[in-house]
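Participant: Chains as they are written, first to last, in our numbering: chain A, 78 to 405; chain B, 747 to 861; chain C, 25 to 737; chain D, 16 to 556. Below is the structure I would like to discuss, written out as structure tokens.
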Amino acid sequence: MSVYTRGCPRPIGVPCVNDFLLPILMYGACAAGAVGTALALPRRKPALALIGGLVVASGIGLMALMLFLAAGDVALLPNLFFYVFAGLALGSGLRMITHPTPVYSALYFILTIIASAGLYVLLGAEFMAFALIIIYAGAILITYLFVIMLATQAPVEGEEEAVPDYDAVAREPIWAAAVGFVLLATLTTVMFRGADSLPGPEINNDRGTALASMPLRIQRALRESGAIETSATVETVDGVAAFDAVTGEVLTSEGPKPLPEGLEASNVETLGFNLLRDHPMTIEIAGVILLMAMLGATVLARRQVDLDEDAKAKQARHLAVGSEANDA
Amino acid sequence: MLEVLAQGAFAEPMASITLAHYLVLSGAMFVLGLVGFVTRRNLIIMFLCTEMMFQASGLALVAFARYSMNLDGQTFVIFVLTVAAAEAAMGLALVVLLFRKQESLSAEVWNQLKG
Amino acid sequence: MLDLAPIAMTLAADSPAAVASAPAWVMLIPAMPMIGVVLCTLMSIMGVRSKLPAFVTVACLAVSFLLTVFMFTGHSEGWATAVGWEWLHYSWGDGNGQNFTANFAFAVDGLTILWMLFVTGLATLIALYASEYMATDVGQGYNRFFIAFNLFVFSMACLVMGSNLLMLYLGWEGVGLCSYLLIGYYYKKPEAVAAAKKAFIVNRIGDVGLALGVYLAFVHFGTIEYTELFASEKLQGYLHDAAEGHWSHIPWQASAIPLFLMVGAFGKSAQLPLYVWLPDAMEGPTPVSALIHAATMVTAGVYLIARTYPLFQVSEIALPIVAWVGTLTALLAATIGMAQFDIKRIMAYSTVSQLGYMFAGLGVMTSVGAGFHVLTHAFFKALLFLACGAVMHGFAGQLDLRKLSGLWKVPGWRIVTIGMFVGCLNLAGFPLTAGFFSKDMILAEAFVTPGFALIGWILLFTAGLTAYYTFRVFFRVFVGPVEYHAGDDHHGDDHAHDDSHGDDHDAGHGFHPHAPGWAINFVLATLAVCSIVAAGLYFIGDHGWVAGMIHDSTAHIDPHGDEAGGSHGSAALFGLDPHKAMYYISSVVGIVGIIFAYAFHLHGRKSAGEAPAADAFKAALGPIPRWAENKWYVDELYQFLFRGPLLVLSHIFRYVDMLLVDGLVNLMGWLPYAVGGRLRRGQDGVLQSYAASMAGGLALFLLVILLLVNQSA
Amino acid sequence: MSQMLLPGAILLPLVFAALVALLPQERARSLALVGMLISAIPVLGLLFSFDYAHAADFQFAGSMQWIAEFGLEVSVGIDGVSLLLIALTGLLGPLCVLGSWTAIKDRTRLFFTWLLILQAAMIGVFAARDLLVFYVCFEFTLVPMFILINVFGSTNRKAAAIKFFIYTFTGSMIALAGLVYLAMHTADAIGHWTFALDDLMLHASTMSGTEQAWVMAAMLAGFAVKVPLFPFHTWLPLAHTEAPTAGSVILAGVLLKLGTYGIYRFVLGFVPLAVVEHAPLLATLSIIGIVYAGLICWVQTDVKKLVAYSSVSHLGFCVLGLVAVNTTGLSGSVLYMLNHGLSTGALFLLIGFMYERYHTRDMGQIGGLAAKMPVWASFMVFFTMASVGLPGLNGFISEFLCLLGTFQSSFGLAAGDANPGATPGALGPWFALFAATGMVIAAIYLLYMVGKVVWGPLVEPEGHDDSHTGLPIDLSAREITTLMPLAIACLVFGLYPKPLMQAIEAPVNSVVASYELEAPAATIEHAEPHDSGASEPEADH
């Protein structure tokens, strides 16, 4: 049973370097990651944290090398972006959990968010990338920073950079790191197990159907390309263009015309259609969740002003007067 | 230009970046978040680590969406985002409340519920 | 009716007696004592404070005795059965042995009548005696005494007249209960309670043997009715084999039955292994000792063996064992009897000894001799006991022969002394007395039966000892210089009105003995007459009246084909007919014993306290008399061998139960508590430790799944 | 009308329990007595209208569908054996109320309500013809008993009640497992679920040997604890010493019989192969129980604990009879259940009366009571003799039959027709011999108790004066009327057990018939041919 036969030209049975090299690389990467994180986590003696960081970096390198070998092809450069973004994400992620001061952690987290946005773009989810940066980095993490500012004590004059002890020392770093990376090792093994041929990205070839749901756009594109008269229209059947998937032509008032070259349904459009056509209900629910969260947050965080007795009585009267006023 | 990037315009079968790459990456990010959650005592950092885990799962979802040519993954990431946002809001409100109560952000202060 | 093929052997030669149905009033014989019980109970409930219960008892028993006499006169041949009601009957199949029937029924044959005659007769007399003897307790336990007394006679009647082994068992344990109640009559005295308990438990050990014998009999023969059991051709076949000596043909079940029954007999009749309870039974009032522990109950064992004699003949070793046990008991009891000072204890050991004689008689195949000895012994032993009782009653509980002397000359004690004299003559086997004839039949048979000569010699020697210790009592207490000291009347309860003989200052004769009343004297007189007349029974019919009675019962046996009533025409003893020879030898032995007693205990004795010759002889013997006086330490032996270890075992069991068995159960209870305590510490309330354990669990889980998947792939 | 008798017997006590619970406190006692007596009427009706000719088949049968698809129905019916046990319960019920007339002073309403509920549950068990009713009632007897001991017991009643409850409860849980397996096995055979005992009985014998062994082990775990058989008996002395008088009487009189009845109805009825195979083991356990518990009695200082251990010893005989698997043994053990209930119940009542006067059970502090309480003493001696097994009283009949049953049930003896009285079975003379020593031990410890408590010089706890007990020195009329029925029953069933034997012979024979006992190969010995030369005696079993 071999885990990764892909890309091993030699006949089956002859151990290919990939067969035993890859597992060692992978587990080595995980082990390095574990040791590095354990060391890097906030501890009394900061020196070790640096060494930890380096070890983790080497771990990420090993992982990259392993992934590269698993891919088995020579072409290195074009996929460089993936490795850059991955390295960035992991490094800043590690730095986030190992940095003693919470503000820096938050900022590092923003860096991770940006890296993963990059990855989203690589995966063809541009809308999500931007959504991520706007909503996530922009809104949520700013709230985090806001709360961090609110919650961290103003530094007492005495020690300038006093780090409260609950930030300074991690809880059982070794045991947590070990557990975490055993988890990672098992996850990766499971992923690679039996995946003889790791499928590459598929080419998106059913662009026609996606476009069909936008008849006006096709019509405008056809008119620009001159395939049909400016007054001709695209036949639509209750809002969907009459598109023949087999011939790849759309029926217009002047007969079936092939789609213009290079006409693509961009990610945002298809995503929009998918969102509203396939998951209308979930949108509503998402809306409700947000509403509830907002309500909850305001209620929770309201400052409990403890009024004394007569103040409460006055308040109650005031409210009563107020309600009569607008009743009348 | 974006499409080129997205599709990996190079000729077949340059299947360089496979689904496993992304999954390993998201796994690593998830584990980082987990380790962070378990080890750091600061409440806010713990929340941050949960956000990291959300992020990791979002990445995996998008990777799956891309490699199985189905946009549901992406829509789902949107919901992951909404949930993350809601959770962050609530969580931070709670942290503020807790902080105001105990004047400390350490998680170990709150252990009255012990057995 | 099975007519046996006329074979040379005359094993119950003529066919077993016909089974006739007895007249209904036969059932009145046991019913009368039961009516007595009911009446006495009513009287005790109504709180009667007079002697009425005694007279009611005497009346009932007298009626019962008369009915027995009618039964005797009306009885012809073989069995006469009368069925009361169906006691226990069920079946689990229709095969011959596949049902169990035990009716509350009575069967009468020669043996039964012989036994019932002296049981009911003596019971009536002793009831009369007891009416006066127990007078001091009229308000206290009088009713209770007579309830138990009547119940005893009822149980004895069931035992003797029962028509199946289960009825015998009912009577067997019934008399055991009554002896328990009566020995423990003075329940305020701890020794009496202990003695009663000891009697019941030792009897119970015997009863277990009897019970097993009954089970085996039923399992092997399929029935326990006498009429069916002794007429079954399987038993006749075994008897046939036994007669011809093919012992191996008889299966072990058949030969084991007598061994079990024998244990029951030894328990009830106080034979060697299980005799220890009888001497202690003297704690009970004297009428009880006389009736139960001398005349009737103790003969139940003899009755059992006589009744199931065919079963005993079937086993090769059963009768020899009986003979040997009887002989050894006789010897042992005689030796102990010689060394005792309490006259009632002496009589008790003499009973054990005489019972030994009866068992020896049965063992040496002379059921007639044994039966006759039972009859004569019943009379003269009852006489002796009642005499001792009178002495005790008169002298405020004094029983020590060193404190009494010369009662003959004390006014009012003449009849008691005469009665005592007649009893002693019979017991010693003085020529021409009833005791003499009955003992000689046994001795003659012992000498003549092949292989039992040694038993004969031992019995002869014991006869001498018997004569000695009997007349030792007579010469010490009843003749010689007049001197008496009152006892401490430990028998009477500490209730108010016994001041009549309470002040026992020994100074001299300030205390005047309480002469026995008319009832006691009348009873003693009648018993003396009966003892004398009993001798005559030997001459009625061809071998004595008793032989006739036994001949037409299951106990009949004349193994050597001789017609002369159990003697052996062929065998001769010292050239003469065995019985004639025995007359001379045993009378010589008896007289020698008496002379010794006279020499030691009367000749030159100045006071009650010491007898110079006897004391000198005893000193010469060294420690032996002291051992004998302590009953050869048999009680201590049993305590050491059986009661002690059993008590230790029970304590061990108690602690095992408390610690081990209960401990285990409590441990089961404690275990979850302990484990729970341990787990509780895991919940420390910190959020992150929970998160960590969740993560750890997940990791472990995945790892295991992975390993499993790896294995199976 | 006769159809309503059995349900009436079960439900009437419940009705009265409700009444007692609702009406005011001071009426509780008398109402309970009236309730018990009225609910005894249907039991009498059952006794008289029962058709003794064919006592084997289940009469007054009635069933009511509950949940059809699970085959759950409520069905009742009684045969000879159940009838007698119901009669015993019916008799003991009123006597308990009468016996605890003055013993229970406060919270009488609680006491009598639960006593009536207990009465209903017990009759329910004996009348059950399907697993549901049997098991519900069997479990439900625990609750009232727990409350009686826990609330009305003496010093450390809490521990006793809890141990009693949990010990018995765990046992019956295991028994439930066995029974459900049986029901499942039947369901496989006939396709649909049913819990009626008749169907279970039909299909139980098709189980394989090992299956039967396991089912027997499970059922025995439940019933052996209840009996109590040797190793599982430690809860009984504790429960008895702490229980109030009425509690003890019912516990000894009827609750212990649930165990033996369970063994008779379920173990003997459903798993014949396993019973025959494991008969020697069970017999050894019961004989150990007889001797072991008997000897422990001898060294006890607490009277009630002594009588409790004596119950363990006596019920050893009962189980021995059951395991002998022949008519003698079975009828002996059924009679034993009845007689033990009467004599030990009476003994507990007597000890209760004495306890009410002297407030101690320690034999060291009390002795020689015959002088002060002659009537009590005579009853004590009478019932002791009954429980020692004196012929003429009821104890003897059952003990004799159990021992005879054990003696005759041996393959060795029954081989061939050399011993017509023997029946095939796995026990034999040796078992009977060891069990018979129990008779002697019984005599030892019971006479030890009577000798200490009844006879001997008068000993009373110091500082005791008779005035303040509020009771006459000797037994009052009420107390005597409580004991008289038991005394009469002991005497009558001792001398004339015919009606009892008649009622149980047919059902017992039908149970034995279901055992076509052929000797396992190992123990068949050639029957001793009448005149073969072989001299050595046949090896007895």
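For glycine and all other residues, C-beta sits at the position ideal for the given N, C-alpha and C.
Give the residues from the segment 710-723 of chain C that approach chain B closer than 7 Å (Cβ to any Cβ), ordered along the chain.
Facilitator: Those would be Val710, Leu711, Gln712, Ala715, Ala716, Ala719, in chain order.
Participant: Could you please tell me which residues of the segment 214-228 of chain A, in chain order, have their CB closer than 7 Å to any CB of chain C?
Facilitator: Under the 7 Å Cβ criterion, the segment 214-228 of chain A contributes no residue.
Participant: Classify leucine 34/D as helix, strand or coil using the three-state DSSP reduction.
Facilitator: Your numbering for residue 34/D matches position 19 in the fourth sequence. In the structure shown, leucine 34/D sits in a helix (DSSP, three-state: H, G or I).
Participant: Kindly list the residues whose CB is nearer than 7 Å to the CB of isoleucine 618/C, restricted to its own chain and excluding five residues on each side of it in sequence; keep chain order.
Facilitator: Reading the third sequence from its first residue, position 594 is the one you call residue 618/C. Excluding sequence neighbours, isoleucine 618/C sits near Ala452, Ala491, Phe495.
Participant: Can you tell me whether DSSP reads lysine 213/C as helix, strand or coil?
Facilitator: Counting from one through the third sequence, the residue named residue 213/C turns up at place 189. The answer is coil: DSSP assigns lysine 213/C none of H, G, I, E or B.
Participant: Among Thr473/C, Thr136/C, Val553/C, Ser203/C, which one has its Cα closest to the Cα of alanine 314/C?
Facilitator: The count along the third sequence starts at 1 and reaches residue 314/C at position 290. The shortest Cα separation from alanine 314/C among Thr473/C, Thr136/C, Val553/C, Ser203/C belongs to Ser203/C.
Participant: Please list the partners that phenylalanine 783/B has in chain C, where partner means a Cβ-to-Cβ separation under 7 Å.
Facilitator: Position 37 of the second sequence, counting from 1, holds the residue named residue 783/B. Here the neighbours are Ala715.
Participant: Check each residue of the segment 208-229 of chain C: if its Cβ is closer than 7 Å to any Cβ of chain D, include it; give the result in chain order.
Facilitator: Under the 7 Å Cβ criterion, the segment 208-229 of chain C contributes Gly208, Tyr211, Lys212, Pro214, Val217, Lys221, Phe224, Ile225, Arg228, Ile229.
Participant: Please determine, among Leu328/A, Thr307/A, Gly303/A, Val323/A, the residue with the shortest C-alpha to C-alpha distance to valine 408/A.
Facilitator: Absent from the model: residue 408/A. The displayed extent of chain A is 78 to 405, so no value can be given.
Participant: Do three or more CB pairs link the segment 280-296 of chain C to the segment 233-250 of chain C at distances below 8 Å?
Facilitator: They touch, by the three-pair rule.
Participant: Go ahead and label tryptophan 196/C buried or exposed: buried means 16 or more other beta carbons lie within 10 angstroms of its beta carbon, across all protein chains shown.
Facilitator: Counting from 1 along the third sequence, the entry for residue 196/C is found at position 172. So tryptophan 196/C counts as buried.
Participant: I need the straight-line Cα distance from aspartate 481/D to valine 58/D, nearest angstrom please.
Facilitator: For the purposes of this step, residue 481/D is identified with residue 466 of the fourth sequence, where counting begins at 1. For the purposes of this step, residue 58/D is identified with residue 43 of the fourth sequence, where counting begins at 1. If I take the Cα positions, the gap works out to 40 Å.
Participant: Verify whether the separation of the beta carbon atoms of leucine 118/A and proline 250/A is less than 8 Å.
Facilitator: Walking along the first sequence from the start, residue 118/A turns up at place 41. Walking along the first sequence from the start, residue 250/A turns up at place 173. Against a cut-off of 8 Å, the Cβ pair of proline 250/A and leucine 118/A comes out as a contact.
Participant: Runs of 4 residues minimum, wholly inside the segment 415-492 of chain D: which ones carry the alpha helix (DSSP H) assignment?
Facilitator: Qualifying alpha helix (DSSP H) stretches, in chain order: 426-429, 444-468.
Participant: Give me whichever residues DSSP pairs with alanine 211/D in a beta bridge.
Facilitator: Your numbering for residue 211/D matches position 196 in the fourth sequence. Paired residues: Asp145/D.
Participant: With a cut-off of 8 Å, do at least 3 Cβ pairs link the segment 481-499 of chain D to the segment 400-410 of chain D?
Facilitator: Short answer: they don't touch.
Participant: Where does valine 93/C sit, in a helix, a strand or coil, going by DSSP?
Facilitator: One-based indexing of the third sequence puts residue 93/C at position 69. The answer is helix: DSSP assigns valine 93/C an H, G or I state.
Participant: Mind pulling the chain C residues with CB within less than 8 Å of glutamine 423/D?
Facilitator: Start at 1 with the first residue of the fourth sequence, and residue 423/D comes out as number 408. Simply Tyr239, Phe242, Val243.
Participant: Which of the three DSSP states, helix, strand or coil, is assigned to histidine 374/D?
Facilitator: Numbered from 1 along the fourth sequence, position 359 holds the residue referred to as residue 374/D. Here histidine 374/D sits in coil by DSSP.
Participant: Measuring alpha carbon to alpha carbon, tell me which residue in Ile581/C, Val658/C, Arg650/C is nearest leucine 335/C.
Facilitator: Taking the third sequence and counting its residues from 1, the one referred to as residue 335/C is at position 311. Selected option, being the one with the closest Cα: Ile581/C.
Participant: Between leucine 288/D and the rest of its own chain, which residues show a CB-CB distance below 6 Å, the 5 nearest in sequence each way excluded?
Facilitator: Counted from its first residue, the fourth sequence places residue 288/D at position 273. For leucine 288/D, where only same-chain residues beyond five positions count, the Cβ hits under 6 Å are Gly224, Gln227.
Participant: Under three-state DSSP, which class holds lysine 334/A?
Facilitator: Along the first sequence, read from residue 1 onward, the residue named residue 334/A stands at position 257. Of the three classes helix, strand and coil, the one that applies to lysine 334/A here is strand, per DSSP.
Participant: Name the chain C residues whose beta carbon is nearer than 7 Å to that of leucine 377/A?
Facilitator: For the purposes of this step, residue 377/A is identified with residue 300 of the first sequence, where counting begins at 1. Those do not exist, as leucine 377/A stays about 18 Å from chain C at its closest Cβ, beyond 7 Å.
Participant: Below 8 Å between beta carbons: does that hold for leucine 851/B and phenylalanine 845/B?
Facilitator: The residue labelled residue 851/B in the question sits at position 105 within the second sequence. The residue labelled residue 845/B in the question sits at position 99 within the second sequence. Yes, they are a contact pair.
Participant: Compute the beta-carbon to beta-carbon distance between leucine 408/D and glycine 509/D, rounded to the nearest angstrom, for a pair I have assumed lies under 8 Å.
Facilitator: Taking the fourth sequence and counting its residues from 1, one reaches residue 408/D at position 393. Taking the fourth sequence and counting its residues from 1, one reaches residue 509/D at position 494. Their Cβ separation, rounded to whole angstroms, is 4 Å, which keeps leucine 408/D and glycine 509/D in contact under 8 Å.
Participant: Give the range of the alpha helix (DSSP H) segment to which histidine 273/C is assigned.
Facilitator: Mapped onto the third sequence, residue 273/C falls at position 249. No alpha helix (DSSP H) holds histidine 273/C; DSSP gives it neither H nor E.
Participant: Going straight from the alpha carbon of valine 107/C to that of glycine 246/C, what length do you get?
Facilitator: Reading the third sequence from its first residue, position 83 is the one you call residue 107/C. Reading the third sequence from its first residue, position 222 is the one you call residue 246/C. Between valine 107/C and glycine 246/C, the C-alpha separation is close to 20 Å.
Participant: With 16 other CB atoms within 10 Å as the buried threshold, where does aspartate 213/D fall?
Facilitator: Taking the fourth sequence and counting its residues from 1, the one referred to as residue 213/D is at position 198. So aspartate 213/D ends up on the exposed side.
Participant: Closer than 6 Å by C-beta to methionine 140/C: which residues in its own chain qualify, once you throw out the five before and the five after it? Chain order, please.
Facilitator: What you label residue 140/C is simply residue 116 of the third sequence in a count that begins at 1. Excluding sequence neighbours, methionine 140/C sits near Thr92, Val184.
Participant: Tell me whether the beta-carbon of tyrosine 373/C lies closer than 8 Å to the beta-carbon of phenylalanine 461/C.
Facilitator: Taking the first residue of the third sequence as 1, we reach residue 373/C at position 349. Taking the first residue of the third sequence as 1, we reach residue 461/C at position 437. Result no, Cβ atoms of tyrosine 373/C and phenylalanine 461/C do not sit closer than 8 Å.
Participant: Opposite aspartate 826/C in the DSSP bridges: which residues?
Facilitator: Because chain C here runs from 25 to 737, residue 826/C falls outside it and cannot be looked at.
Participant: Would DSSP call valine 58/D helix, strand or coil?
Facilitator: Position 43 of the fourth sequence, counting from 1, holds the residue named residue 58/D. In the structure shown, valine 58/D sits in a helix (DSSP, three-state: H, G or I).
Participant: Answer with yes or no whether the minimum CB distance from glutamine 801/B to chain A is below 8 Å.
Facilitator: For the purposes of this step, residue 801/B is identified with residue 55 of the second sequence, where counting begins at 1. So, interface residue.
Participant: Which of the three DSSP states is assigned to phenylalanine 281/D in this structure?
Facilitator: Start at 1 with the first residue of the fourth sequence, and residue 281/D comes out as number 266. DSSP places phenylalanine 281/D in helix when its eight states are reduced to three.
Participant: From what residue to what residue does the beta strand (DSSP E) around valine 132/C run?
Facilitator: Along the third sequence, one-based indexing puts residue 132/C at 108. Element bounds for valine 132/C: 123-132.
Participant: Can you list the residues of chain C that glycine 773/B reaches, using a CB-CB cut of under 8 Å?
Facilitator: Here residue 773/B refers to the residue found at position 27 of the second sequence. Correct list: empty, because the minimum Cβ distance to chain C is about 11 Å.
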